[in-house]
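In the order they appear, the protein sequences are chains A and B. Residue numbering for the first sequence follows full-length UniProt numbering, starting at 1 and increasing by one per position. Residue numbering for the second sequence follows full-length UniProt numbering, starting at 1 and increasing by one per position. Written below as structure tokens is the structure these notes are about.
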Amino acid sequence: MSGQEGPFKIVILGEGRVGKTSLLRQFVSRTFSDQEASTQSAAYLDKILLLRGTQVQLSLWDTAGQERFHSLAPIYYRNADGALLVYDITDLESFRRVAKWVEELQVMGTTCVLAIVGNKSDLQSQAKVPKADAETYARSINARHSTASAKLGFGVDEAFGALAEDVLASRARAPGQTQTSSRRTRGALVVAEDDAAQPSRQKSGCCGGG
Amino acid sequence: MGDLLLEGMTDKNYLVGLRWLSGVALGSGDTRPKAQRLRQRIAEEIDLDMRRTFPGHPREAALQIAARDILRMLCCARNRDTGYTQGLNFTAAVLCSVMPRDDAFWCLAALSENLAGHFLKGGSLQGVLVDSDCTDWLVGELDAKRAAKLRALRGYSPALLFSKPLCTLLAGCMPIDAALQCWQAVLSAPCPRILMLRILAAFVLEVDMKTIPTNNGGASEVSVLLHSLQKCFQGTYDAKTLVAAAEYSALTVPDSAIKERLAHKMINFCLRSTRTTRREALQTAEERVRRLAAESRARRSRSAAVRFRRHAGLAVSQLLGRIREMCAEAGDELMMEGEFLSELQGPFSLGSQALEGPASAFLTAVFLDLDAAKTGQVLRKHALISLALLLGDSLSDRVATLLSLLGQNLGSAEATDGMDGGSISQAELAALVHAIQEENSESALAISEDIVKDCDLDQKAFMNALLALPPLALETLSMDATPKADTQSSFTSAGTSFGSLMAPTWVCNSGLYCQSCSITFTCVRRRHHCRACGRLLCNACSLQRLPLSILGYLQPVRVCDDCCIVLCPGQSSPRHA
């Protein structure tokens, strides 16, 4: 197999400040700054990867992590071929958030390939997320798991490369379903509201007679 | 100092601003753990983002400290319910880089509240989607060819293009000079939000379409467009021509059209974003109305209930025919889209027994409102909003009261001329609008309220209608009218001039604790809204009762202690028993 493939749309999701932009920077331009500007809404980068003699074009969508940008997320992960879910190994909360993203992607019916990456592996001594747990979870949702350090550049290429390969493989398995396969979800822009997290929220009215 | 700082603030914010300045609303004395924790969390978020604001700027440190300060003031003290949104850090830093800190604060407050108030409030940025869609539509109106080309791009979505400039209020994506020029124009415009959308549309029209290559399939990646747009933003050092172009576009597409579009989009959005399907939402709403009506019926006399029911039953059969008729007659684009129509027909055409009671009365009222809209544009929006309200599963006892009021009035209307709109009094319409205004329990409804507020005309009409209300209707409407306080001193006679004060936006009902003392609400400790500032409070913090004639409350209504201090500086001790 040789020639060109893609472009594949890869979306990077994860809680705020886990290092999504840094990972992407490291992957695309091999640079790192410990003072990355916060991403507003989303940013977009291109990268061509050489995978077993095939040029694979990736369009990488970096998203804002802050929770309230969540309602904008569907427009980014719609039609995505792969999703890279990033958490911070020193922050347990960010790992829990990954599970929420997975759940949402599943609810939305997107068929994209998932990979989970634990960032900041250079801070192994402060790690709060046990690697075994993360791997068990990744297996349960049929996703790859790896750790990476955007700062030192460890594991970054591997994470993206593995995801790209999975995307390629899934494409090979279902060749008819290229490009427009996920178009059907287009109209169904369901905005995940915060209610989902707290279904039993009391909605009693105000001033009930007082 | 106060006068200087208050300059440039809109009337809408005047009261809040006064309270902020006087320090009562600052929450500085608020030492309850919950409020403190919330503030702490917002402050932490701000701090974490500060290091990531314009890293590498020559005046980085000073800028970040100033920006942090004003963001803390804005998000932790002034607008505690809006919280902090990433992107505001850039806006704050830009402002701090060109003006003293205090001025920057007021500018930031004016900007964020005028341009982003509707999407910051809900805690999620749904309003951004509404605004983006609307801008996309505007581009289509101004240049259909170009819009068609844009929409043909693979993966195109309006929010992709517009969410970033909207979230950062233009600061994060264009040079400072240009941003300042845009802000100046926007803040001096009668409708800031609409001019903002016009400017964004003008930007898209600036993008050189030739730079966007189309491949053989005729579809190219939307990312190329994004890059072009970004380049266009970043290359703009003088926004004067753009602002002029934006203002000029008012000749092609009038403000009113955009307003209507915003309302329409918002409603569609409300409907779409309900987690349950629309029909389910409708049924739940209907169920709730029925239950509430049963309760209110139990409280009322039997004969009134019978009359109410009979009328509702009568209304049903005419209702559906009327909906169809009206839609055909008016050729109303909004209604013809079938969104509402099909949903309404579904559950309601099953049989009149399904439509027993107040739901139909409410619908009747809504459609009478729509009917009236044929003559006046103004009311159509309210009609749509009320529809959204009904479908959006957010009816509460306030609407139940309204329903019974409407039921009675409709009874008399029936006697005169069936259901013809001519006999519907001003009071009913006002009451409807009133209820709608107060029903902002959802973030989407907050957006709707903002839309209503954006329309000066509507607001005026609403105010006039409200002031023309007979006191009796007001009393029925206002839940707080029952405990009569003996004071008759009116808002204006208290010596404070709130001449052009707008009705406050009520804080969402889902709040878990009092915004003044942070005590948690329970089934015994109920939620209450201060009628003057709209905050969600416990009874203990809102013991005062004042008539707010300027807001249409002729009888004394619930006012929180903080507002009471501002409104009646002389009276310090609570009078209410």
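Beta carbons: idealized from backbone N, C-alpha and C, even for Gly.
Asked	Found
What number of angstroms, rounded off, separates the C-alpha of VAL524/B from the C-alpha of ASN539/B?	10 angstroms
How about PRO175/B: is its C-beta nearer than 9 angstroms to some C-beta of chain A?	no
Closest to ARG72/B by C-alpha separation, out of LEU160/B, ASP47/B and LEU537/B, would be which residue?	ASP47/B
To the nearest angstrom, how far is the alpha carbon of GLN234/B from that of LEU251/B?	28 angstroms
If you drop the 5 nearest sequence neighbours on each side, which residues of the same chain put their C-beta closer than 7 angstroms to that of CYS232/B?	PHE203, GLU206 and VAL207
Relative to the C-alpha of CYS533/B, which candidate in CYS564/B, ARG526/B and LEU512/B has its C-alpha closest?	CYS564/B
Quick check on the DSSP output: the alpha helix (DSSP H) that includes ASP157/A runs from which residue to which?	156 to 173
At a Cβ threshold of 9 angstroms, is GLN35/A touching chain B?	yes
Would ALA110/B and ARG78/B be called neighbours here (beta carbons separated by less than 9 angstroms)?	no
Buried or exposed: where does ASP136/B fall if 16 or more other Cβ atoms within 10 Å of its Cβ makes it buried?	buried
Does DSSP put HIS227/B in a helix, in a strand, or in coil?	helix
How far does the beta strand (DSSP E) with GLU5/A in it reach, from first residue to last?	3 to 14
Determine contact between the region 4 to 18 of chain A and the region 79 to 94 of chain A, defined as no fewer than three beta-carbon pairs at a distance below 8 angstroms.	yes
Where does the unbroken alpha helix (DSSP H) through VAL117/A begin, and where does it stop?	Taken as a continuous stretch (DSSP letters only), VAL117/A belongs to no alpha helix (DSSP H), being part of the beta strand (DSSP E) at 113 to 119.
Note the first and the last residue of the continuous alpha helix (DSSP H) segment covering HIS57/B.	First-last for HIS57/B: undefined, no H or E at that position.
Find the nearest neighbour of LEU63/B within the set LEU161/B, CYS96/B and LEU262/B, judged by alpha-carbon distance.	CYS96/B
Please classify LEU546/B as buried or exposed, where buried requires at least 16 other C-beta atoms within 10 Å of its C-beta.	buried
In three-state DSSP terms, what is ARG97/A?	helix
Give the DSSP-derived three-state secondary structure of residue 578/B in the structure shown.	Chain B is shown only over 1 to 577; residue 578/B falls outside these bounds and no answer can be derived.
Could you pull out every residue in the same chain whose Cβ sits closer than 7 angstroms to the Cβ of VAL98/B, ignoring the five residues on either side in sequence?	ILE176 and LEU180
Counting only beta-carbon separations shorter than 9 angstroms, does HIS118/B have a partner in chain A?	no
Alpha carbon to alpha carbon, how far is ASP562/B from GLU113/B?	21 angstroms
Could you name the residues of chain A that ASP133/B contacts, counting a contact when the two beta carbons are closer than 8 angstroms?	By Cβ distance, chain A contributes nothing, its closest Cβ being about 10 angstroms from ASP133/B, past 8 angstroms.
Using the beta-carbon of each residue, which ones in chain B are nearer than 8 angstroms to GLN66/A?	GLU45, THR85 and GLN86
Assuming LEU163/A contacts ALA115/A (C-beta within less than 8 angstroms), just tell me the rounded distance between them.	4 angstroms
Relative to the alpha-carbon of ARG96/A, which residue among ASP166/A, ASN142/A, GLN35/A and VAL129/A has its alpha-carbon at the smallest distance?	VAL129/A
Tell me the DSSP bridge mates of GLN126/B?	In the DSSP output, where bridge partners are listed per residue, GLN126/B has none listed.
Would ASP255/B pass as a contact of ILE199/B if the rule is Cβ separation under 9 angstroms?	no
Quick check on GLY19/A: does DSSP put it in helix, strand or coil?	coil
For GLN126/A, which residues in chain B fall below 8 angstroms Cβ to Cβ?	In chain order: nothing, as chain B lies at least about 17 angstroms away.
Please determine, among ASP88/A, ARG30/A and ALA37/A, the residue with the shortest C-alpha to C-alpha distance to LEU13/A.	ASP88/A
Tell me the residue span of the alpha helix (DSSP H) that contains TRP506/B.	No alpha helix (DSSP H) holds TRP506/B; DSSP gives it neither H nor E.
Could you have a look at TYR77/A and say whether DSSP puts it in helix, strand or coil?	helix
From the DSSP output, in three-state form, read off ALA189/B for me.	coil
If the cut-off is 7 angstroms on Cβ atoms, which residues from the region 155 to 167 of chain B count as contacting chain A, listed in chain order?	GLY155, SER157, ALA159, LEU160, SER163, LYS164 and CYS167
Measuring alpha carbon to alpha carbon, tell me which residue in ASP133/B, CYS182/B, PRO165/B and ARG558/B is nearest PRO158/B.	ASP133/B
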